[in-house]
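So for the sequence shown, my numbering puts the first residue at 175; every next one is plus one.
Beta carbons: idealized from backbone N, C-alpha and C, even for Gly.
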Amino acid sequence: MLAITLASLVGLFLLLFVVLYVTKGRFLKEPATSLASRVTGRTVEVGGDFQLYLDPHVRLRTEDLSISNPDWVGPGAAADDALFRAERLDASIRVLPLFVGDVRFRSLDVVKGSANLVRDENGRASWDFGKEKTDKPFEMPQIRAARVVDSRVRYDDKKEDLSVDLNIGDVDVDDNAVDQPLTARGTGRSRGLPFRLDARWRGQNGALTGGPQNLVLVVNVAGSRVEVSGEVPGTTTLDGVEFNVASRGRTLAAPFRLIGIVVPDTRTYDVRGIARKDGDTWRVRDLKGRFGDSDLAGTLAVHTAGSSGEGRLKLEADLSSQKLDIIDVGPWIGYSPERLDAQGGKGAITQEGGRPWLLPNATLATESLGNFDAEVRYRAGRVRTGNVPINDLDLTLSLDRKLLKLDPVAINLAGGRLTAYVSIDARQETVTTDYDLRLSPAPLSRLLASFGALADGTTGTLQGRMQLRGYGDTVRKSLGSSNGRIALILPKGTLWVRNNELVELDIGGFIEAAISDDLKKPAEIRCGLIGFTVKDGQAAADPVLIDTERAVIKGRGGFSFKDESLGLQIEADSKKVSLFSAQSPIGLQGYFAAPGINPISGELLARGGAGAALGVVATPLAAVLAFLDVGDAKDTNCGPVLEGATAAKVKAAQPSKGESKDAEKQRKAVEKQAKEAREDAEEAAEKAAKQREKAAREAREKAEEQAEEQAEKAERAR
Numbered sequence: 175m176l177a178i179t180l181a182s183l184v185g186l187f188l189l190l191f192v193v194l195y196v197t198k199g200r201f202l203k204e205p206a207t208s209l210a211s212r213v214t215g216r217t218v219e220v221g222g223d224f225q226l227y228l229d230p231h232v233r234l235r236t237e238d239l240s241i242s243n244p245d246w247v248g249p250g251a252a253a254d255d256a257l258f259r260a261e262r263l264d265a266s267i268r269v270l271p272l273f274v275g276d277v278r279f280r281s282l283d284v285v286k287g288s289a290n291l292v293r294d295e296n297g298r299a300s301w302d303f304g305k306e307k308t309d310k311p312f313e314m315p316q317i318r319a320a321r322v323v324d325s326r327v328r329y330d331d332k333k334e335d336l337s338v339d340l341n342i343g344d345v346d347v348d349d350n351a352v353d354q355p356l357t358a359r360g361t362g363r364s365r366g367l368p369f370r371l372d373a374r375w376r377g378q379n380g381a382l383t384g385g386p387q388n389l390v391l392v393v394n395v396a397g398s399r400v401e402v403s404g405e406v407p408g409t410t411t412l413d414g415v416e417f418n419v420a421s422r423g424r425t426l427a428a429p430f431r432l433i434g435i436v437v438p439d440t441r442t443y444d445v446r447g448i449a450r451k452d453g454d455t456w457r458v459r460d461l462k463g464r465f466g467d468s469d470l471a472g473t474l475a476v477h478t479a480g481s482s483g484e485g486r487l488k489l490e491a492d493l494s495s496q497k498l499d500i501i502d503v504g505p506w507i508g509y510s511p512e513r514l515d516a517q518g519g520k521g522a523i524t525q526e527g528g529r530p531w532l533l534p535n536a537t538l539a540t541e542s543l544g545n546f547d548a549e550v551r552y553r554a555g556r557v558r559t560g561n562v563p564i565n566d567l568d569l570t571l572s573l574d575r576k577l578l579k580l581d582p583v584a585i586n587l588a589g590g591r592l593t594a595y596v597s598i599d600a601r602q603e604t605v606t607t608d609y610d611l612r613l614s615p616a617p618l619s620r621l622l623a624s625f626g627a628l629a630d631g632t633t634g635t636l637q638g639r640m641q642l643r644g645y646g647d648t649v650r651k652s653l654g655s656s657n658g659r660i661a662l663i664l665p666k667g668t669l670w671v672r673n674n675e676l677v678e679l680d681i682g683g684f685i686e687a688a689i690s691d692d693l694k695k696p697a698e699i700r701c702g703l704i705g706f707t708v709k710d711g712q713a714a715a716d717p718v719l720i721d722t723e724r725a726v727i728k729g730r731g732g733f734s735f736k737d738e739s740l741g742l743q744i745e746a747d748s749k750k751v752s753l754f755s756a757q758s759p760i761g762l763q764g765y766f767a768a769p770g771i772n773p774i775s776g777e778l779l780a781r782g783g784a785g786a787a788l789g790v791v792a793t794p795l796a797a798v799l800a801f802l803d804v805g806d807a808k809d810t811n812c813g814p815v816l817e818g819a820t821a822a823k824v825k826a827a828q829p830s831k832g833e834s835k836d837a838e839k840q841r842k843a844v845e846k847q848a849k850e851a852r853e854d855a856e857e858a859a860e861k862a863a864k865q866r867e868k869a870a871r872e873a874r875e876k877a878e879e880q881a882e883e884q885a886e887k888a889e890r891a892r
């Protein structure tokens with residue numbers, strides 16, 4: 175009975191084999207496509223010839239084959255709405271491995287094949303046929319011989335805003351080996367940025383499957399080129415694989431934008447490193463290269479799922495430069511890299527409305543800042559500026575859901591420390607920026623020497639602070655709407671007399687010092703306060719007072735961040751008799767990008783800054799000193815300067831109950847200094863008035879004499 179059963183089965187199999195071989199299985203077209211449609215959940219159609227038979231392997235041949243995408247893809251999602259389409263597909267598949275789920279092709283022939291892969295905003299994939307999802311990587315099936323002609327692959331990922339259209343190079347595989355590398359070439363678009371892509375890969379000894387594959391990927395985007403090369407296993411697995419990565423081009427912003435990270439434009443760059451993928455993180459180590467005229471080294475990491483798996487990109491970087499050219503910083507605050515490349519530092523100045531502008535006006539990409547987070551540390555050993563000595567730059571940057579912070583940026587400036595804290599809050603409808611810059615005491619001698627001035631004998635220092643809040647998505651708008659305060663202080667010290675006289679523009683005193691060989695004697699600075707109150711981008715002098723051994727220098731007027739105009743008047747009241755010490759105020763005018771000095775100007779009307787009257791200090795001294803955090807305020811010696819230079823009435827305060835003798839003594843000394851400074855100022859003002867009156871009288875008399883002479887000449891001529 176068993177023998178009869180086995181014989182019957184063999185007979186049926188042989189009959190089926192013969193029937194299929196003779197008919198080529200064409201009668202199975204409808205049931206085969208219906209079964210395939212039910213299993214895949216897609217509409218499977220064969221518009222032309224269909225063959226399915228054994229020879230003795232499974233032989234499948236179709237013409238005009240199409241497998242639809244799911245309904246949710248919808249028309250217009252891509253140029254071709256079918257998941258897969260082929261003008262002809264001819265395959266020979268080994269029979270026995272199929273019983274254990276292993277697909278092995280003896281041969282595969284595809285002519286004008288087209289794959290159209292789509293993923294929607296929720297992550298649904300058109301190639302997912304409803305099977306349980308797994309992290310197992312896709313394995314290339316074994317293909318002993320293959321031919322692929324005039325085929326293409328389209329990929330449209332709406333979740334990542336990425337689309338790719340690739341033409342697959344004609345492939346001819348014989349005995350699982352190819353003579354030429356497999357190639358793919360095409361175009362794409364990522365985050366709205368178009369790019370071109372070239373890829374090629376080849377296994378060891380030309381093997382298509384069953385061993386490591388050498389992969390080379392080249393992407394050209396917006397004037398930049400990115401090249402990735404490495405050896406991957408015989409699968410599409412990338413985890414743990416190290417790739418050599420090199421990129422060069424016009425701006426680093428282009429390749430970063432491809433992956434959804436927005437950085438400012440840079441000057442031309444050339445960098446390389448070693449990249450590795452570990453789960454949701456790509457890391458680049460041994461990063462080396464340059465941007466502009468600055469070198470760059472360090473590491474960076476991109477977390478595609480965020481640092482805590484939130485699904486947001488996060489960039490982490492630890493970078494450094496041995497030498498940083500200050501021009502290379504320009505693009506990061508909004509200056510055009512092309513203009514900087516062509517004109518150097520002068521490229522920061524633009525002509526608008528018939529006049530120069532200095533503050534950058536590039537718009538902050540606020541929407542893009544919401545797509546990723548960042549933590550960046552950057553250090554530079556030496557900063558090349560041309561004049562001012564800057565080194566040891568240390569920057570810490572963080573970005574958290576549109577809140578960008580530089581906390582802090584610190585540099586060594588001529589022996590002092592300049593520290594900046596900047597917070598840009600783009601979470602609000604109007605971008606709000608807080609600036610807080612602080613300069614610890616910097617030696618004036620080093621600052622002056624950096625500009626070519628001889629500074630022997632100068633012991634004074636300079637310290638200051640700028641604290642502003644502004645609104646707008648550009649540096650120009652932000653500062654142009656800002657409110658706050660700017661202040662510099664010159665604690666008591668000495669300044670070389672030549673520099674001092676030039677600052678005062680006391681020409682007579684300078685000549686006198688030159689004749690008497692006093693140029694090498696240092697002049698004493700009792701105190702200097704240079705303060706501005708800023709309201710809606712208008713900065714008003716509040717106060718500008720410098721007390722030296724020879725004069726009290728006062729200022730009024732101000733400047734404007736809004737239109738970058740300058741309107742500052744400086745006046746020096748000499749404490750000694752000098753031929754020119756009573757001249758008209760010195761005018762600092764023009765614009766930030768084109769300042770001008772008029773040393774013999776009359777009353778200069780403030781063009782951009784709100785004027786502050788001479789002799790009126792709106793901000794109390796205590797507030798200024800507290801704002802600057804100068805430590806021991808009495809060492810600045812600014813109290814009597816303010817009292818004397820403003821001619822304010824000194825109230826002789828009586829000693830309070832319990833006041834110590836030392837405190838009373840100190841108070842009386844301050845009152846005495848204030849009285850002396852006031853008397854000096856009043857005396858200088860009186861002398862100046864007399865000199866102006868005398869000069870005016872002499873000018874009138876001379877004019878009258880010239881008029882009489884002209885009249886006599888005219889009379890004689892008649």
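(1) Which full runs of the alpha helix (DSSP H) of 4+ residues lie inside the region 204-254, going along the chain?
(2) Leaving out the 5 sequence neighbours to the left and right, which residues in its chain are closer than 7 Å to Val345 when beta-carbon positions are compared?
(3) Please classify Lys709: is it buried, with 16 or more other beta-carbons within 10 angstroms of its beta-carbon, or exposed?
(4) Is there contact here, the region 501-514 with the region 451-463, by at least three beta-carbon pairs under 8 Å?
(5) Express the C-alpha separation of Glu886 and Glu879 in angstroms, rounding to a whole number.
(6) Would you say Ala600 faces chain C, with C-beta separation under 9 Å as the test?
(7) Which runs of the beta strand (DSSP E) at least 3 residues long sit entirely within the region 486-560? Give them in chain order.
(8) Roughly how many angstroms separate the alpha carbons of Arg268 and Val277, rounded to a whole number?
(9) Out of curiosity, what's the CA-to-CA distance linking Gln906 and Leu762?
(10) Quick check: what's the CA-CA separation for Thr633 versus Gln641?
(11) Would you mind reading off the limits of the alpha helix (DSSP H) that contains Ser468?
(12) Along the alpha helix (DSSP H) that carries Ala428, what are the first and last residues, could you check?
(13) Within the continuous alpha helix (DSSP H) that includes Arg422, where are the two ends?
(14) Give the DSSP bridge partners of Asn657, in chain order.
(15) DSSP three-state call for Ala623: helix, strand or coil?
(16) Can you grab the Cα-Cα spacing for the pair Gln637 / Gly589, in whole Å?
(17) In the DSSP assignment, find the unbroken beta strand (DSSP E) run with Asn394 in it and report its ends.
(18) Does the count of Cβ pairs from the region 393-409 and the region 363-376 closer than 8 Å reach three?
(19) When burial is assigned at 16 or more other CB atoms within 10 Å of the CB, is Asn296 buried or exposed?
(20) Compute the Euclidean distance between the alpha carbons of Ser468 and Asp737, then round it to the nearest angstrom.
(21) When we look at the beta-carbon of Ile507 and count the other beta-carbons within 10 Å, is it buried (16 or more) or exposed?
(22) Going by C-alpha to C-alpha distance, which of Val476, Ala428, Arg464, Lys462 sits closest to Ser398?
(23) Could you check where the beta strand (DSSP E) with Gln712 kicks off and where it finishes?
(24) Within a Cβ cutoff of 6 Å, which residues of the same chain sit near Gly423, ignoring the five residues on either side of it in sequence?
(25) Spell out the partners DSSP gives Ile598 in its beta bridges.
(26) Heavy atom of the ligand NAD less than 8 Å from the Cβ of Ser614, yes or no?
(27) As a quick exercise: from Asp339, Asp283, Arg328, Leu336, pick the residue whose alpha carbon is nearest that of Ile317.
(28) Could you name the residues that DSSP lists as bridge partners for Gln884?
(29) Using C-beta distances below 8 Å, list every residue in its chain close to Thr540, excluding the 5 sequence neighbours before and after it, in chain order.
(30) Would you tell me roughly how many angstroms separate the C-alpha atoms of Lys203 and Val220, rounded to the nearest one?
(31) Taking the alpha carbon of Asn243 as the reference point, which residue from Leu263, Asp294, Leu389 has its own alpha carbon closest?
(32) Could you check the C-alpha separation between Leu389 and Asp238 for me, to the nearest Å?
(33) With Ile435 as the anchor, note down where its beta strand (DSSP E) starts and where it stops.
(34) What residues in its chain sit with their C-beta under 6 Å from that of Gly702, if we drop five residues either side in the sequence?
(35) Tell me, to the nearest whole angstrom, how far the beta carbon of Leu653 is from that of Phe735; I am working on the premise that it is less than 8 Å.
(36) Give me the Cβ distance between Ile500 and Thr440, rounded to the nearest whole Å; I'm assuming they're in contact under 8 Å.
By the coordinates alone:
(1) none
(2) Ala320, Arg321, Val322, Val352, Leu356
(3) exposed
(4) no
(5) 11 Å
(6) In summary, chain C is missing from the structure at hand, where a single protein chain is found.
(7) 487-499, 524-526, 529-531, 546-558
(8) 7 Å
(9) This structure cannot settle anything about residue 906, because the visible part of the chain is limited to 175 through 892.
(10) 27 Å
(11) Here Ser468 belongs to no alpha helix (DSSP H); instead the beta strand (DSSP E) covers 468-477.
(12) 427-432
(13) Arg422 -> not in any alpha helix (DSSP H); beta strand (DSSP E) instead, spanning 416-423.
(14) Arg643
(15) helix
(16) 11 Å
(17) 387-395
(18) yes
(19) exposed
(20) 33 Å
(21) exposed
(22) Ala428
(23) 712-722
(24) Gly397, Ser398, Arg399
(25) Leu578, Thr607
(26) The model on display carries no ligand, and the ligand NAD is accordingly not part of it.
(27) Asp283
(28) Gln884 is not bridged to any residue.
(29) Lys576, Ala600, Val605, Asp647
(30) 8 Å
(31) Asp294
(32) 32 Å
(33) Unbroken run through Ile435: none, as it is neither H nor E.
(34) Leu664, Ile720
(35) 4 Å
(36) Actually they do not touch by this definition, with Cβ atoms about 14 Å apart.
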